[in-house]
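Visitor: Chains F and X, in that order, give the protein sequences. Those letters in the first sequence? Residues 1 to 304, by the working numbering. Those letters in the second sequence? Residues 1001 to 1304, by the working numbering. The C-beta atom is built at its ideal place from N, Cα and C for all residues, glycine as well. Got a structure here, written out as structure tokens. Questions coming.
Number of protein chains: 2
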Amino acid sequence: MSTEAQIAYRNELLAHGLLHATDVDGLYARSGVFEDIALGIAALVSRNGAAEKPEVMRFPPGMTRGTLERSGYLRSFPQLAGTIHAFAGGDPEHAALLATLDRGEDWTSGQKATGIAFTPAACYPAYPIVAKRGPLPADGALLDVQSWCFRHEPSLDPARQQLFRQHEHVRIGTAEQVLAFREQWLQRGRAIIESLGVPFDVDVANDPFFGRAGRMLAANQRDQALKFELLVAITSKEKPTACCSFNYHQDHLGHAFGLRTADGATAHTACVGFGLERITLALLRYHGFDPKAWPDAVRRALWG
Amino acid sequence: MSTEAQIAYRNELLAHGLLHATDVDGLYARSGVFEDIALGIAALVSRNGAAEKPEVMRFPPGMTRGTLERSGYLRSFPQLAGTIHAFAGGDPEHAALLATLDRGEDWTSGQKATGIAFTPAACYPAYPIVAKRGPLPADGALLDVQSWCFRHEPSLDPARQQLFRQHEHVRIGTAEQVLAFREQWLQRGRAIIESLGVPFDVDVANDPFFGRAGRMLAANQRDQALKFELLVAITSKEKPTACCSFNYHQDHLGHAFGLRTADGATAHTACVGFGLERITLALLRYHGFDPKAWPDAVRRALWG
């Protein structure tokens, strides 16, 4: 499903040593140069949100399986979720596993699900932590979060990786609070990408809901303008890549995780996510493969 | 298996908001303060190794399942490895999954292994990348790498997390080259931890090899002094915590991944790993929970 332009860009990135390929599509090691750009973007996003003093949380790449189950993700995106499985046997089962491995056969059927799932979106692990604190204060909650995320969608498009990072701000509170937050960040997101000298559009969007029922969910999400994306033409003008997303979840996650406002109502939530790999790829596309030669204004925005 | 001292330290870290607990033992979110310390340690380690101009690689938290299989990790530590599994069905299987989930039963048996395993040690993903380049140059290879790692060992000891970061330097070359590297880093590791004002010991050590055969492997590893650890008394003087490890793999990984020296011989490898979470926990133990009040020399070492 990857286009020639995507594969050509992938090959350029590999040839310049910015990414290192593996035997699995969508799984790459990063060079130091690539990483410095990605971390510069994360720092830029955090600086833009610092005035409101968000609580900073950094997550490991996995969250509890219970969080995945409660979130509704398995209902909407079962095809993308990843669970972590481990060996639970003793010496005899170990001998059998090694014999299977030595025969070159599939040894993974004996792996048992652990209590950990791969995080599919950087904001999910935050909700149970905030919910456990009890009802929100009157001004709600505001978080600056980051996580590695997993989505099982092998692809040769370098902008569609199976493991990638999201840097998000998350707002939890009343509908008014979270909608004002999303509006503020729609403007900030534009300003941030503009400061990086990358052309973009912002448009209403939908998530890749699974199966037949998913088509209706997607249409509904668009009709209600619950999701906007900031789109950059990385390998195609016709099918630009979502580099930021601005999501209003209504009270869906509030219900799922028992988030309550100060007056006891179910909280609404919104999140704005910056895809660190995708914005890095956009910068490399528009300014070239050598960041030392990038425009001064872009370098200052990223690295001060 | 956790001691009272470990649980007491865990509770202090949670009460100070440095870590946020989840329903899974050994899985925590990090505060911004915790994260700044961990990133400061990584930067300090990289600065100490910068003179030799290592190639910097940063890995996503997963590596190919083939790398796990080739590495020998399943032979030695099957109990610690994690594989990533995903849903592979259509609409009917999805309906069945959701029905199982709604009944509160185990829905994970239908998950199928993907091509990705969780990375158990930060150096593993490097070997196939270096091997693919062909025989090494005469001076071998030197890498500065970092990765999130997974080890399935649920514990209430905050120094034994299921998801944590290793910052490593890796040397690939002749036996002489890699042993000289390990000796150099044994001295550097001491100097780095000394500069952080944390008391430590260095001792010969062994990995937690699995099962009955594992006891012999562990004894053999000790007899040959293949592994040293830098140990800090975080919650116990009698059972100090390994914060750095200095490992000589002989030609084991060279064989496993087809690494060749310039003259065609199987390469030897060594790695030195700094546990970012464990060193952070050691600093918080010895200097207190507020880094602003830490000794100036320690703050300068971490943040310049």
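What's the call for residue 157/F, buried or exposed, on a 16-neighbour Cβ count within 10 Å?
Guide: The residue you call residue 157/F lines up with position 157 of the first sequence. Buried, by the Cβ-count rule.
Visitor: Hey, how far is the Cα of residue 2/F from the Cα of residue 1223/X?
Guide: Your numbering for residue 2/F matches position 2 in the first sequence. Your numbering for residue 1223/X matches position 223 in the second sequence. Roughly 53 Å between the two C-alpha positions.
Visitor: Let me know the alpha helix (DSSP H) ranges lying completely inside the region 39–87 of chain F, each 4 residues or longer, listed in chain order.
Guide: Fully enclosed alpha helix (DSSP H) runs of 4 or longer: 65–71 and 73–76.
Visitor: I need the straight-line Cα distance from residue 1221/X to residue 1177/X, nearest angstrom please.
Guide: Taking the first residue of the second sequence as 1, we reach residue 1221/X at position 221. Taking the first residue of the second sequence as 1, we reach residue 1177/X at position 177. Near 20 Å, if we compare the C-alpha coordinates of residue 1177/X and residue 1221/X.
Visitor: Just curious, the beta strand (DSSP E) that residue 1028/X is in, first and last residue?
Guide: Mapped onto the second sequence, residue 1028/X falls at position 28. 1028–1031 is the span of the beta strand (DSSP E), which, as asked, contains residue 1028/X.
Visitor: Label residue 1216/X either buried or exposed according to how many other C-beta atoms from any shown protein chain fall within 10 Å of its C-beta, with 16 as the threshold for buried.
Guide: As a working note, residue 1216/X is residue 216 in the second sequence. Exposed: under 16 other Cβ atoms inside 10 Å.
Visitor: Give me the DSSP bridge partner(s) of residue 171/F.
Guide: For the purposes of this step, residue 171/F is identified with residue 171 of the first sequence, where counting begins at 1. Answer by DSSP bridge pairing, in chain order: 142/F and 270/F.
Visitor: Got a sec: is the Cβ-Cβ distance from residue 84/F to anything in chain X below 8 Å?
Guide: Against the first sequence, residue 84/F aligns to sequence position 84. At least one chain X Cβ lies under 8 Å of residue 84/F.
Visitor: List the residues of chain F whose Cβ lies closer than 7 Å to the Cβ of residue 1016/X, in chain order.
Guide: If you number the second sequence from 1, residue 1016/X lands on position 16. Residues of chain F passing the Cβ test: none, with the nearest at roughly 14 Å.
Visitor: Which residues mark the beginning and the end of the beta strand (DSSP E) in which residue 1247/X is found?
Guide: For the purposes of this step, residue 1247/X is taken as residue 247 along the second sequence, with counting starting at 1. Where residue 1247/X is concerned, the enclosing beta strand (DSSP E) stretches over 1241–1248.
Visitor: Looking at chain F, is there any beta carbon in it that lies within less than 8 Å of the beta carbon of residue 1031/X?
Guide: The residue labelled residue 1031/X in the question sits at position 31 within the second sequence. Closer than 8 Å: yes.
Visitor: With H, G and I counted as helix, E and B as strand and the rest as coil, what does DSSP make of residue 119/F?
Guide: Stepping through the first sequence from its first residue, residue 119/F is reached at position 119. Residue state, collapsed to three classes: coil.
Visitor: Contact check, residue 1084/X vs residue 1114/X under 8 Å by CB: the rounded distance?
Guide: Counting from 1 along the second sequence, the entry for residue 1084/X is found at position 84. Counting from 1 along the second sequence, the entry for residue 1114/X is found at position 114. About 5 Å; that satisfies the 8 Å criterion.
Visitor: Rounded to the nearest angstrom, how far is the Cβ of residue 1298/X from that of residue 1167/X, given a contact under 8 Å?
Guide: Sequence index remark: in the second sequence, residue 1298/X carries index 298 (1-based). Sequence index remark: in the second sequence, residue 1167/X carries index 167 (1-based). Wrong, their Cβ atoms sit about 18 Å apart, outside the cutoff.
Visitor: Is it right to say residue 1109/X is buried, meaning 16 or more other beta carbons lie within 10 angstroms of its own, or is it exposed?
Guide: Here residue 1109/X refers to the residue found at position 109 when the second sequence is read from its first residue. Residue 1109/X is exposed by the Cβ-count criterion.
Visitor: Can you list the beta strand (DSSP E) stretches of 3 or more residues lying completely in the region 189–245 of chain F, in chain order?
Guide: 201–204 and 227–232
Visitor: Just to confirm, is the Cβ distance from residue 1149/X to residue 1180/X under 8 Å?
Guide: Here residue 1149/X refers to the residue found at position 149 when the second sequence is read from its first residue. Here residue 1180/X refers to the residue found at position 180 when the second sequence is read from its first residue. No.
Visitor: Would you report the Cα separation of residue 1218/X and residue 1079/X, rounded to the nearest angstrom?
Guide: Mapped onto the second sequence, residue 1218/X falls at position 218. Mapped onto the second sequence, residue 1079/X falls at position 79. Going by the C-alpha atoms only, they are around 16 Å apart.
Visitor: Using 8 Å for Cβ pairs, my map puts residue 77/F next to residue 125/F. What's the rounded Cβ distance?
Guide: Position 77 of the first sequence, counted from the start, is the residue given in the question as residue 77/F. Position 125 of the first sequence, counted from the start, is the residue given in the question as residue 125/F. No, residue 77/F and residue 125/F are not in contact; Cβ-Cβ is about 17 Å, not under 8 Å.
Visitor: Taking only beta-carbon atoms, is residue 1/F less than 8 Å away from chain X?
Guide: One-based indexing of the first sequence puts residue 1/F at position 1. No, its Cβ sits nowhere closer than 8 Å to a Cβ of chain X.
Visitor: Please name the residue, chosen from 1186/X, 1093/X and 1214/X, that lies closest to residue 1245/X on a Cα-to-Cα basis.
Guide: Indexing the second sequence from 1 puts residue 1245/X at position 245. That would be 1186/X, whose Cα lies nearest to the Cα of residue 1245/X.
Visitor: Can you name the start and end residues of the alpha helix (DSSP H) that residue 1101/X belongs to?
Guide: For this step, residue 1101/X is matched to residue 101 along the second sequence. First-last of the alpha helix (DSSP H) with residue 1101/X: 1091–1102.
Visitor: May I ask you to report which of helix, strand or coil DSSP gives residue 3/F?
Guide: Within the first sequence, the letter at position 3 stands for residue 3/F. It is coil, neither helix nor strand.
Visitor: Could you list which residues in chain X have their beta carbon closer than 8 Å to that of residue 81/F, in chain order?
Guide: As a first step, residue 81/F is located in the first sequence; it is residue number 81 there, counting from the start. Residues of chain X passing the Cβ test: 1086 and 1087.
Visitor: Grab the span of the beta strand (DSSP E) containing residue 1020/X for me, first residue to last.
Guide: Taking the first residue of the second sequence as position 1, residue 1020/X is located at position 20. 1019–1021 is the span of the beta strand (DSSP E), which, as asked, contains residue 1020/X.
Visitor: Taking the alpha-carbon of residue 1269/X as reference, which of 1031/X, 1091/X, 1019/X and 1128/X has the nearest alpha-carbon?
Guide: Position 269 of the second sequence, counting from 1, holds the residue named residue 1269/X. It is 1128/X.
Visitor: Against chain X, does residue 167/F count as a neighbour if the rule is that its beta carbon must be under 8 Å from one of theirs?
Guide: On the first sequence, position 167 is the one that residue 167/F refers to. So no, residue 167/F is outside the interface.
Visitor: Output needed for residue 16/F: all residues of its chain with C-beta closer than 6 Å, excluding positions within five of it in sequence on either side, in chain order.
Guide: In the first sequence, the residue the question calls residue 16/F occupies position 16. Within the same chain, residue 16/F has close Cβ partners 289.
Visitor: Given a cut-off of 8 Å on the beta-carbon distance, is the pair residue 227/F and residue 202/F in contact?
Guide: By one-based count along the first sequence, residue 227/F stands at place 227. By one-based count along the first sequence, residue 202/F stands at place 202. Contact flag unset, no.
Visitor: Between which two residues does the alpha helix (DSSP H) harbouring residue 124/F extend?
Guide: If you number the first sequence from 1, residue 124/F lands on position 124. Note, residue 124/F: premise wrong, no alpha helix (DSSP H); not H, not E.
Visitor: If you run the structure through DSSP and keep just helix, strand and coil, what is residue 114/F?
Guide: Taking the first sequence and counting its residues from 1, one reaches residue 114/F at position 114. The answer is strand: DSSP assigns residue 114/F an E or B state.
Visitor: Taking a cut of 7 Å between CB atoms, which residues from the region 40–53 of chain F lie near chain X?
Guide: Taking 7 Å as the upper bound on Cβ-Cβ separation, chain X lies near no residue of the region 40–53 of chain F.
Visitor: Kindly indicate if chain F contains any beta-carbon less than 8 Å away from that of residue 1228/X.
Guide: For the purposes of this step, residue 1228/X is identified with residue 228 of the second sequence, where counting begins at 1. So, not an interface residue.
Visitor: Should residue 1247/X go down as buried or exposed, given a rule of 16 or more other Cβ atoms within 10 Å for buried?
Guide: Locating residue 1247/X in the second sequence gives position 247, where the first residue counts as 1. When all chains shown are included, residue 1247/X counts as buried.
Visitor: What three-state label does DSSP hand residue 294/F in the structure shown?
Guide: Counting from one through the first sequence, the residue named residue 294/F turns up at place 294. Three-state DSSP puts residue 294/F in coil, outside helix and strand.
Visitor: Going by the DSSP bridge assignment, what does residue 1147/X pair with across the sheet?
Guide: Position 147 of the second sequence, counting from 1, holds the residue named residue 1147/X. Secondary-structure assignment with DSSP links residue 1147/X through a beta bridge to 1166/X.
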